[in-house]
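Take any residue in the sequence shown, note its place counting from 1, add 6, and you have its number in our numbering.
Ideal Cβ positions, reconstructed from N, Cα and C, are used throughout, including at glycine.
What you are looking at is a predicted structure, and each value in this text was computed from that prediction instead of being measured.
Taking it in order: structure first as structure tokens, then the write-up.
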Amino acid sequence: MDHASHGLRESATFDRATIHAIQRAAETGIYDIRGWGAKRRLPHFDDLLLLGASMSRYPLEGYRERCDTDVVLGTRHAKNPLRLATPVTIAGMSFGALSAQAKEALGRGASEAGTSTTTGDGGMTPEERGHSKHLVYQYLPSRYGMNPDDLRAADAIEVVLGQGAKPGGGGMLLGQKITERVAGMRTLPVGIDQRSACRHPDWTGPDDLAIKILELREITDWEKPIYVKVGATRTYYDVKLAVHAGADVVVVDGMQGGTAATQDVFIEHVGIPTLAALPQAVRALQELGVHREVQLIVSGGIRGGADMAKALALGADAVAIGTAALIALGDNHPRYDAEYRELGSAAGYFDDYQDGRDPAGISTQDEELAARLDPADAGRRLANFLRVMTMEAQTLARACGKGHLLNLEPEDLVALTIESAAMARVPLAGTNWIPGEGL
């Protein structure tokens, strides 16, 4: 049927996706749960451009002039800060949400590239610890799998207060993914849906958090850097409170960050974009006089070297990737398109991480599916991707005349839209105007 010739017009408010969502809710009586992250168009790093050098700035020759990439995280209080070869790390994704093979592959790839990976909720697996040179242990509201021995075995501890895809909400792990091994690590019944708490039982505010951070330092003999991770909402205030509580590193996760499972309404309607959160975090650190002393990691929709370079230019010390890392391992690969279609999806669209039927063997606990993922091969793909990200960022930094990625600065950026200029606090391209700061 030729809709245009019949004068049919789709509603911008009640488009077909909205109508389908209403019909699904009416038929099932339950809200929609999925993985991935926000799919709506949001201001993002694509709305910024880097100003390469020409006459007024002097570029560096890529074949004979260095552009260093190393970063040190946790220098404020820790005896043993993390020394990474590149400022891109792997974000927390749990064993349970991901297969043991996928967790091992993340460790292998991060180690080969000289960076760190993170446990996620649910504890530390021997495969992950054994193949991770730098492993960050997440301490979450659920406290699933938490034990002091694992805290001591980690290289850093990340206290998670929120996640970009669901700030203010706890995680989910549906029963079909809670196998005997997962249940044993989390002290849960096999096959029963698990919902994590949305706030830590150990504290009710920043003063209590300071006591908990001190306890974690004493457990680990003050050796390990302590991160505090927040979902991007009231970022300016949350970062200041995290610093006052004693964090060595603050992690800010924007709403483009992924998740293994939560309500669709949460993913699309809670939080603020990464681009809006990052300058707020930097301003908070600068006002406290600790920018660069307390390191800032930003995550949520980081896809490649250009995103990393722009985030560093805005003041981050490093970025973290989650969804991009899973894609590098083999998630949503065209080789599995026929099987994705059998699940009602397609390669490039698969987001039902909660169902545990991922044909790539990544977001599953099915032993046959998980066995499809070769951790060594997947780890090599991830390492390749991390190296490409780093080289892309180096290329852009050299073009701006910078001898180190962390020398990128807001002066190297302009914005393409008024919205992105206001959020990033850099000039609108072709002008000196930053919205909200006069003409």
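For Gln182 and Arg363, the gap between their C-alpha atoms comes out near 9 angstroms.
Residue state for Gln200 is assigned as strand, using DSSP reduced to three classes.
Residues of the same chain with a CB within less than 8 angstroms of the CB of Arg63, apart from the 5 flanking positions on each side, are Leu57, Cys406, Gly407 in chain order.
Beyond the five residues adjoining it in sequence on each side, Ala326 comes within less than 6 angstroms, by CB distance, of Thr95, Ala97, Ile303, Ser305 in the same chain, given in chain order. The DSSP assignment places no complete beta strand (DSSP E) segment of no fewer than 3 residues inside the segment 358-408.
Around Arg201, the same chain offers Gly176, Met178 as residues with beta carbons nearer than 7 angstroms, after the five sequence neighbours per side are excluded. Residue state for Asp259 is assigned as strand, using DSSP reduced to three classes.
Assignment of Gln169 by DSSP, reduced to helix, strand and coil, places it in the coil class. Under the DSSP assignment, Gln286 falls in the alpha helix (DSSP H) whose first and last residues are 280-293.
It is roughly 13 angstroms from the alpha-carbon of Asp244 to the alpha-carbon of Gly277. Using a 10 angstroms sphere on the CB of Pro285, the tally of other CB atoms reaches 16 or more, which defines it as buried. Taking all protein chains shown into account, Asn438 has fewer than 16 neighbouring C-beta atoms within 10 Å of its C-beta and is therefore exposed. In this structure, the beta-carbon distance from Lys230 to Ala162 falls below 8 angstroms.
Between Ile232 and Arg223, the C-beta spacing is below 8 angstroms. Per the DSSP secondary-structure output, Trp42 pairs in a beta bridge with Thr265. Going by C-alpha positions, Asn390 is about 15 angstroms away from Gln400. In the DSSP assignment, no residue is bridged to Ser100.
In this structure, Asp313 and Phe101 do not form a Cβ contact; the two beta carbons are roughly 27 angstroms apart against a cut-off of 8 angstroms.
The shortest CA-to-CA distance from Leu411 to any of Asp418, Ala403, Gln107 is the one to Ala403. Contact between the segment 249-256 and the segment 201-216 is present, with at least three C-beta pairs closer than 8 angstroms. When rounded, the separation of the alpha-carbon atoms in Pro416 and Glu164 is 28 angstroms. Between the alpha carbons of Asp361 and Tyr143 lies a distance of about 25 angstroms. Under the three-state reduction of DSSP, Asp74 is assigned to strand. Annotated as distal: Gly128 and Arg187, with beta-carbon spacing of 8 angstroms or more. Residue pairing from DSSP places Thr95 in a beta bridge opposite Ala326. By the neighbour-count criterion, in which 16 or more other beta carbons inside 10 Å mark a residue as buried, His26 falls on the exposed side.
Scanning its chain for C-beta atoms nearer than 8 angstroms, with the 5 sequence neighbours on each side dropped, one finds around Arg386 the residues Arg114, Gly115, Glu118, in chain order. For His410, the beta-bridge partners assigned by DSSP are Asp74. At the C-beta level, Gly367 and Ser105 come within 8 angstroms of one another. A distance below 8 angstroms separates the beta carbons of Pro49 and Met429. Under the three-state reduction of DSSP, Ala421 is assigned to strand.
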